[in-house]
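In the numbering used here, the protein residues as written are 807 to 1252.
Virtual Cβ for every residue (Gly too), placed ideally from N, Cα, C.
Values in this document were obtained by computation on a predicted structure and should not be read as measured data.
The block underneath contains the structure these notes are about, expressed in structure tokens.
Right, dumping it as structure tokens:
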């Protein structure tokens, strides 16, 4: 056996190195996927522990189609962007762990040789300043982690709102298509009869041209509505994490959630204590307060202390001592970092105020607009009831030959325009009400 292997110093060094390596992390490569992982159909069950939106409860997926609650639930759970956002919480937790770890001690050593003796020195030191600032650093990291989770919740809230508004618009497009498609067929039939009547000189060119213009207008509305519905289906499929051409059958209709003035006022007053993004800004501001506190603590002299044992190579005398290293705060005094942290706090303060002001203004504008739309919709519903009675009579007269095609077409066109206006206005009202609830951070009401 060699002298080096039998030397207790070398054996101890080898053991110490093995212990250090045993606690090290190991790198493993993780290649990126090259194919989408979108689903063909939405999941049929929803895990209860994954529902984070206030007011949103476990909801079975209907077999006859997806209602509004199912759409919102699946969007929050399956949206690819939200899946990526949720991983940010793991990064924030790792930062909390890092901030709470104690600083590693520092080991120093040396050897010297003389004809009489072999001298050595070994020391163990610790960064005292890191211990002083550890509390503030850990508090800042915890506040940042809370901010990240609240930011994720706000993203979920926005996805839920987008899914709800897309559902409302798609259902409106379906109603419009159900109105436009038979009317287009009716107009096409009338225009075909006009061509035959023109050959017999039973109708004027002006009347036939008017019918053709009406047909062209309805076909343009029909194609535009089909384009809108196609876009809405793709937006919904993306929110649900589905393949672009995956079928998404819808069931049910949007719901009215019009707030009274008292309800709106109470919700607006509680806005800073309830809306997730505002709570996230509060957490971020608290984190910045702690970062400023950490910077102020770090302005004091940086201190490290330790113990040292040595033997001189000349006399072979053993000694044990205490060492202290102090950085003199003459020029730096951490003033630059303190100034940065104070400026950042001022920025976050103003960002909070601007976001709060914007939320209050948006909520008030949308709430008042929804009340105006509700009044307009009420007027349309009353007028539509009277118009429907007239259309029924006109339909009987047209079938009996007592009403010309042009006169009948004019009446039906007016009625159809009113129906389309009512459908679009109702969808706009439901979307505005949903947006108000999202802006106010109110719990989801299925």
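Between the CA atoms of residue j and residue i - distance to the nearest angstrom
i            : j            : result
residue 1058 : residue 1171 : 28 Å
residue 1135 : residue 1094 : 24 Å
residue 899  : residue 910  : 20 Å
residue 1115 : residue 1161 : 60 Å
residue 1001 : residue 1018 : 10 Å
residue 1216 : residue 988  : 16 Å
residue 1195 : residue 1088 : 58 Å
residue 1181 : residue 1231 : 11 Å
residue 1022 : residue 1224 : 18 Å
residue 1241 : residue 1190 : 27 Å
residue 1167 : residue 1175 : 12 Å
residue 1004 : residue 994  : 15 Å
residue 943  : residue 905  : 6 Å
residue 893  : residue 907  : 22 Å
residue 1248 : residue 1164 : 17 Å
residue 952  : residue 1179 : 39 Å
residue 1014 : residue 1033 : 29 Å
residue 1197 : residue 1028 : 22 Å
residue 1186 : residue 1008 : 37 Å
residue 1218 : residue 1038 : 28 Å
residue 812  : residue 932  : Any reading at residue 812 needs caution, since the residue's pLDDT is 48, under 50, leaving its predicted position unreliable; the model's value is listed next. Taking the straight line from one Cα to the other gives about 32 Å.
residue 1202 : residue 1020 : 22 Å
First and last residue of the uninterrupted beta strand (DSSP E) at residue i
i            : result
residue 1128 : 1124-1132
Pair within 8 Å by beta-carbon distance, residue i and residue j
i            : j            : result
residue 1043 : residue 983  : no
residue 1104 : residue 1140 : yes
residue 1063 : residue 1050 : no
residue 1120 : residue 946  : no
residue 1077 : residue 1246 : yes
residue 885  : residue 1047 : yes
residue 1126 : residue 1113 : yes
residue 789  : residue 1045 : With the chain represented from 807 up to 1252, any question about residue 789 goes unanswered, as that position is not in the structure.
residue 954  : residue 895  : yes
residue 1289 : residue 1092 : The shown model of the chain, from 807 to 1252, leaves out residue 1289, and the question about it has no answer.
residue 1074 : residue 1149 : no
residue 948  : residue 878  : no
residue 1070 : residue 1173 : yes
residue 1056 : residue 871  : yes
residue 1193 : residue 1221 : yes
residue 1199 : residue 1214 : no
residue 1183 : residue 1228 : yes
residue 1086 : residue 956  : yes
Cβ neighbours of residue i in the same chain (closer than 6 Å, five flanking residues each side left out)
i            : result
residue 963  : 1082
residue 1107 : 1132, 1133 and 1135
residue 1011 : none
residue 926  : 917 and 1117
residue 936  : 909
residue 992  : none
residue 1123 : none
residue 1147 : 1097, 1098 and 1101
residue 940  : none
residue 1155 : none
For residue i, the first and last residue of its enclosing alpha helix (DSSP H)
i            : result
residue 1049 : Residue 1049 -> no alpha helix (DSSP H), and no H or E assigned at all.
residue 1220 : 1211-1246
Residues near residue i by beta carbon distance below 7 Å, same chain, minus five either side
i            : result
residue 934  : 1109, 1110 and 1111
residue 1226 : 982 and 985
residue 1016 : 1212
residue 1238 : 1172, 1175, 1176 and 1179
residue 881  : 965, 966, 969, 1045 and 1046
Residue i Cβ short of 7 Å to the ligand MG heavy atom set
i            : result
residue 1044 : The ligand MG is absent from the structure shown, which contains no ligands of any kind.
Own chain, CB closer than 8 Å to residue i, minus 5 neighbours either side, in chain order
i            : result
residue 1066 : none
residue 999  : 1211
residue 915  : 926, 927, 928 and 929
residue 1233 : 974, 975, 977, 978 and 1060
residue 1128 : 1111, 1112, 1113 and 1114
residue 887  : 961 and 965
Quiz prompt | Length at least 4, wholly inside the stretch 872-934: the alpha helix (DSSP H) runs in chain order | solution = 874-884 and 886-906
Quiz item: Which whole runs of the alpha helix (DSSP H) in the stretch 1063-1111 are 4 residues long or more, in chain order?
Solution: 1067-1075 and 1082-1103
Quiz prompt | Runs of alpha helix (DSSP H) wholly within the stretch 1126-1196 (minimum 4 residues, chain order) | solution = none
Quiz item: What alpha helix (DSSP H) runs, 4 residues minimum, are completely inside the stretch 978-1051?
Solution: For the stretch 978-1051, whole alpha helix (DSSP H) runs of length 4 or above, ordered along the chain, are 1011-1045.
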